[in-house]
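Have a look at the structure below, then the notes.
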Amino acid sequence: MDVKSGVRALCLLLMLIMSGCAQLPHESVVPDTGPVSYPEAPLPQPNGAIYQARYGYQPLFQDRRPRQIGDIITITINEDVSASKDSSASANREGSMGLDLETIPDLMSFLEDNGLDVSGENDFEGSGGASASNTFTGTLTATVVDILPNGNLSIRGEKRIAINQGTEYIRFSGVVDPRSVTTQNTVPSGQVADARIEYVGDGYINEAQHMGWLQRLWLNIAPF
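Numbering (mature numbering (1 follows the signal peptide of the UniProt record, and there is no 0)), first residue to last: -22 to -1, 1 to 202.
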């Protein structure tokens, strides 16, 4: 194998290795999106009563709000957030100095007719601005995965939609105060603490929106 063939083989090997970084895996902001594990209820005591909590008994006049692990709740997602920032600064500084010489040594006689004038000026002006906005509306049904000591409900849910060659994922997690749940078993996303909302997808359409690995490499090393 000559040198040229070795260089070509090395370049091909490097391209194959770097192509593995072309599609970086997406890290979900909603932790542990797997199925919910339900705690095993203790065996019922043979007390002879009709009420048995093990079988999910609920009083006749009690509403259907979630109270136990595994109960479901519908989240009404209505997020509309916008922010903007503008800043500017300016500075100006001027200075001058003059010197007339009447009696000077012979070695500096050439300054007698010219004198000495010094002046300077410095100006600076800068400005900057940034803005961002996002809107997300929809509904998602989540599951109670934990009950906190103060009675708040830790919820998590995922909706998976397959469209042709792509799959869309909508994930949601947060902490809900049971008092904010309506009689229709819904709660607005604005009343969910520590809310994490994620809308991602995969497939050919999603891959087309990403920059190629060689273009990303050139973007990182380009000096301009």
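Ideal Cβ placement from N, Cα and C applies to all residues, glycine included.
As the structure is a computational prediction, the values presented were derived from the model and not from experiment.
Extent of the continuous beta strand (DSSP E) run through residue i
| i | result |
| --- | --- |
| P166 | T164 to P166 |
| D172 | A171 to G181 |
Assigned exposure category for residue i - 16 Cβ within 10 Å defines buried
| i | result |
| --- | --- |
| A110 | exposed |
| L131 | buried |
| P44 | buried |
| E99 | exposed |
| A140 | exposed |
| T117 | exposed |
| S66 | exposed |
| I50 | exposed |
| R71 | exposed |
| G(-17) | exposed |
Residue i - partner residues in DSSP beta bridges
| i | result |
| --- | --- |
| A61 | A110 |
| I139 | E146 |
| I133 | V122 and G152 |
| I199 | Beta-bridge pairing links I199 to no other residue. |
Cβ separation of residue i and residue j, assumed to be a contact under 8 Å, to the nearest whole Å
| i | j | result |
| --- | --- | --- |
| F102 | A69 | 4 Å |
Residue i Cβ short of 7 Å to the ligand SAH heavy atom set
| i | result |
| --- | --- |
| S105 | Looking at this structure, you won't find the ligand SAH or any other ligand, since it has none at all. |
Quiz item: With a cut-off of 8 Å, do at least 3 Cβ pairs link the region 171 to 182 to the region 149 to 159?
Solution: yes
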